[in-house]
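K.L.:
Before we start, here is the structure in question, set down as structure tokens.
Protein chains in written order, with this note's numbering: chain U, 1 to 523; chain V, 1001 to 1122.
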């Protein structure tokens, strides 16, 4: 028992948990709904930028991008490229106006823009759908990591992770969540920086490893003992460094580029973060900070995926590392590479980083969904806005418990699902629903309530159908990420229905003045 | 600090036909046009870069997958290195241009700066 507790991975994980508990304790007092849902709008650009980075760079990014690069080569790097685009578009078109609008939830935007309860309800449904599709793979990843490194069961992993979320989001609210997210971001970025230094120090330079990989063709020695089929793993470096490994056609690549690049604009937990800044100016700087962090992060992730592949091909790593790289799947590439580069302590830091990534992303999803349940549904529809600040905060905390149970159940249901598939679904739904709504809602006065609801409903149904029932579609529409079809469909639905409806809110000019005014920039 | 959000009325505003919508006041109209125009141009530039990569990958693979140095190909260099820098550069240019416009706006509206009108929610 004592030996297990003294293992670096256990020490690092306990340190992370201890810090989470301490930060949560420090931020436990949320006197007002503003404190609870948007952290009192008190976070400067550095903290909020780090928290946005923490929210955006989930476990799928921390472990997944390097894993995909290790497995797919260039096509894996292309994934990282697509993920890197979204925050920039968000900063250009949405960040500033959204902060000037300054509400509590994503659904508030639609409700206020159209004075519509129906629009709020439709937005709540989409927020819960996107957050559910995003939360499920994060929980799946958490349970897998706990199982791999600490030998726990899948069910325990799900329950444990939900319990941690209920504790730190429920007690700390947006304040605790933001500070935890910012800290957690620097833990995993720190882990990546140390891995990159170790790799360069070990002579694994980018150009050199890519040359070695691209020239390799044949079987990798001593891997048969770990492979399921009992044969040595074979590898073709020319194919790995070229395109077409995962996306077999040009249009598949274009469709993924559209879906992933525009998906970020519609992710509720990312949009919500811009309400927590004190001003629109700080919101823009936060976005810039988050983009800088994400760019460095993606660059490192792709490089480390190639480093992992190079170490694997060299066959010089410890037997445990070779075993994990053969049998452990994509999620083991970063931990195994860390172990090969820096031993048990670096592995420990990476495991803490993986938990940090999961907690950080999940907490963002919990707080966004909590706003949808407590503020949008309970306060607006059940209490008809006749509710005190204190009751709002209590409703927020109760909704976190409900979400813990809901997401936990969802996590148990997706045990055998693909993490990448579910994340792609979340991005596609976001790109096809909230992205058209926010871009057109902020920049086009002609958008109507019916247009907005039509866009949300059609975008949601089309993206879900095209992902879950791909095989029923004609071959030319069978996209892995159907952004090429669903995103234009979302935009067109809003545009056409608005043009037919023609009934715009009478005070839309006041709304535009509010979200585009430069008066609030002085703060 | 920006205006704080308060509750709002769902029905008071009502709707009107889009053809009866009065034009935006000149100041908001100019801000929106300037903002959108800058954002749109930068996005076009960014997407031209973004889509150039798959187009060249699929239609000029012999060039894109030829080596620049060591095993680094043009395609890997653009996708794994330049693109990451590009995301930041575009956002940085946008923020810098915005700050410049804001300064200009603040100096030309010094007297009325801070006043709010219309649909006040704070």
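Built from N, CA and C at the ideal position, the CB exists for glycine as well. Predicted model, so just to flag it, every value in this text is computed and none were measured.
Between which two residues does the alpha helix (DSSP H) harbouring residue 1067 of chain V extend?
P.N.:
In the DSSP assignment, residue 1067 of chain V falls outside any alpha helix (DSSP H) and within the unbroken beta strand (DSSP E) covering 1067-1069.
K.L.:
Can you name the start and end residues of the beta strand (DSSP E) that residue 1016 of chain V belongs to?
P.N.:
Taken as a continuous stretch (DSSP letters only), the beta strand (DSSP E) holding residue 1016 of chain V covers 1015-1017.
K.L.:
Return the residues of the stretch 206-233 of chain U that lie within a Cβ-Cβ distance of less than 9 Å from chain V, sorted by chain order.
P.N.:
Taking 9 Å as the cut-off between beta carbons, the residues of the stretch 206-233 of chain U near chain V are 206, 207, 208, 209, 210, 211, 212, 213, 214, 215, in sequence order.
K.L.:
Closest Cβ-Cβ distance between residue 50 of chain U and chain V: below 8 Å?
P.N.:
Residue 50 of chain U does not count as touching chain V.
K.L.:
In this structure, what does DSSP give as the bridge partners for residue 234 of chain U?
P.N.:
U:219
K.L.:
For the stretch 1049-1078 of chain V, enumerate the residues whose C-beta is nearer than 9 Å to any C-beta of chain U, in chain order.
P.N.:
1050, 1051, 1053, 1054, 1055, 1057, 1058, 1059, 1061, 1064, 1065, 1067, 1068, 1069, 1070, 1071, 1072, 1073, 1075, 1076, 1078
K.L.:
Looking at residue 443 of chain U and residue 1049 of chain V, is the spacing between their C-beta atoms short of 8 Å?
P.N.:
no
K.L.:
Taking only three categories from DSSP, how would you classify residue 1082 of chain V?
P.N.:
helix
K.L.:
Around the Cβ of residue 332 of chain U, are there at least 16 other Cβ atoms within 10 angstroms (buried) or fewer (exposed)?
P.N.:
buried
K.L.:
Would you list the residues sitting across from residue 505 of chain U in a DSSP beta bridge?
P.N.:
V:1015
K.L.:
For residue 1007 of chain V and residue 56 of chain U, I'd like the C-alpha separation in whole angstroms.
P.N.:
Annotation note: pLDDT 48 at residue 1007 of chain V (below 50); position unreliable, coordinate value reported separately. The alpha-carbon atoms of residue 1007 of chain V and residue 56 of chain U are separated by roughly 30 Å.
K.L.:
Who pairs with residue 1072 of chain V in a beta bridge, going by DSSP?
P.N.:
Under DSSP, residue 1072 of chain V shares a beta bridge with V:1069.
K.L.:
Please return the same chain residues whose Cβ sits closer than 6 Å to the Cβ of residue 1111 of chain V, not counting the five positions on each side in sequence.
P.N.:
Annotation note: pLDDT 46 at residue 1111 of chain V (below 50); position unreliable, no value reported.
K.L.:
Would you say the beta carbon of residue 349 of chain U is closer than 7 Å to some non-hydrogen atom of the ligand NAP?
P.N.:
Absence of the ligand NAP is noted for the structure shown, with no ligands found whatsoever.
K.L.:
Taking only three categories from DSSP, how would you classify residue 479 of chain U?
P.N.:
Correct three-state label for residue 479 of chain U: coil.
K.L.:
Could you list which residues in chain V have their beta carbon closer than 7 Å to that of residue 526 of chain U, in chain order?
P.N.:
No answer is possible for residue 526 of chain U: it lies beyond the span of chain U, which begins at 1 and ends at 523.
K.L.:
With distance defined between alpha-carbon atoms, name the residue in U:85, U:151, U:80 nearest to residue 1044 of chain V.
P.N.:
U:85
K.L.:
Can you list, in chain order, the stretches of the beta strand (DSSP E) that have 3 or more residues and sit fully within the stretch 1027-1070 of chain V?
P.N.:
1067-1069
K.L.:
So residue 264 of chain U packs on residue 121 of chain U, CB below 8 Å; how close in whole Å?
P.N.:
Not really, about 24 Å apart at Cβ, beyond 8 Å.
K.L.:
Cβ of residue 479 of chain U within 8 Å of Cβ of residue 466 of chain U?
P.N.:
yes
K.L.:
Where in the stretch 269-348 of chain U do unbroken runs of the alpha helix (DSSP H), each at least 4 residues long, occur, reported from the N-terminal end onward?
P.N.:
280-314, 319-327
K.L.:
Apart from the five residues on each side of it in sequence, which residues of its chain come closer than 6 Å, Cβ to Cβ, to residue 1042 of chain V?
P.N.:
1090, 1094
K.L.:
Would residue 504 of chain U count as contacting chain V if we go by Cβ distances under 8 Å?
P.N.:
yes
K.L.:
For chain U, find out if any of its Cβ atoms is closer than 8 Å to the Cβ of residue 1043 of chain V; answer yes or no.
P.N.:
Among the CB atoms of chain U, one or more fall inside 8 Å of the CB of residue 1043 of chain V.
K.L.:
In three-state terms, what does DSSP make of residue 387 of chain U?
P.N.:
In the structure shown, residue 387 of chain U sits in coil (DSSP, three-state: anything other than H, G, I, E or B).
K.L.:
Hey, how far is the Cα of residue 374 of chain U from the Cα of residue 206 of chain U?
P.N.:
49 Å
K.L.:
Which whole-angstrom value is the C-beta distance of residue 130 of chain U and residue 270 of chain U, which I expect to be below 8 Å?
P.N.:
Not a contact, Cβ separation roughly 10 Å.
K.L.:
Distance check for residue 215 of chain U and residue 237 of chain U, CA to CA, integer angstroms please.
P.N.:
6 Å
K.L.:
In chain V, what lies closer than 8 Å to residue 288 of chain U by C-beta?
P.N.:
1088, 1091, 1092, 1095
K.L.:
Compare the beta carbon distance of residue 149 of chain U and residue 9 of chain U with 8 Å and say whether it is the shorter of the two.
P.N.:
yes
K.L.:
For residue 484 of chain U, which residues in the same chain have their Cβ closer than 7 Å to its Cβ, ignoring the five residues on either side in sequence?
P.N.:
Hits under 7 Å: 251, 254, 255, 258.
K.L.:
Within the stretch 44-88 of chain U, note down every full beta strand (DSSP E) run reaching 3 residues or more, in order along the chain.
P.N.:
none
K.L.:
Where residue 380 of chain U and residue 302 of chain U are concerned, what is the direct C-alpha to C-alpha distance, given to the nearest angstrom?
P.N.:
45 Å
K.L.:
Have a look at residue 491 of chain U and residue 463 of chain U and give me their C-alpha separation to the nearest angstrom.
P.N.:
13 Å
K.L.:
Could you tell me which of U:203, U:152, U:430, U:404 sits nearest to residue 268 of chain U, measuring between CA atoms?
P.N.:
U:430
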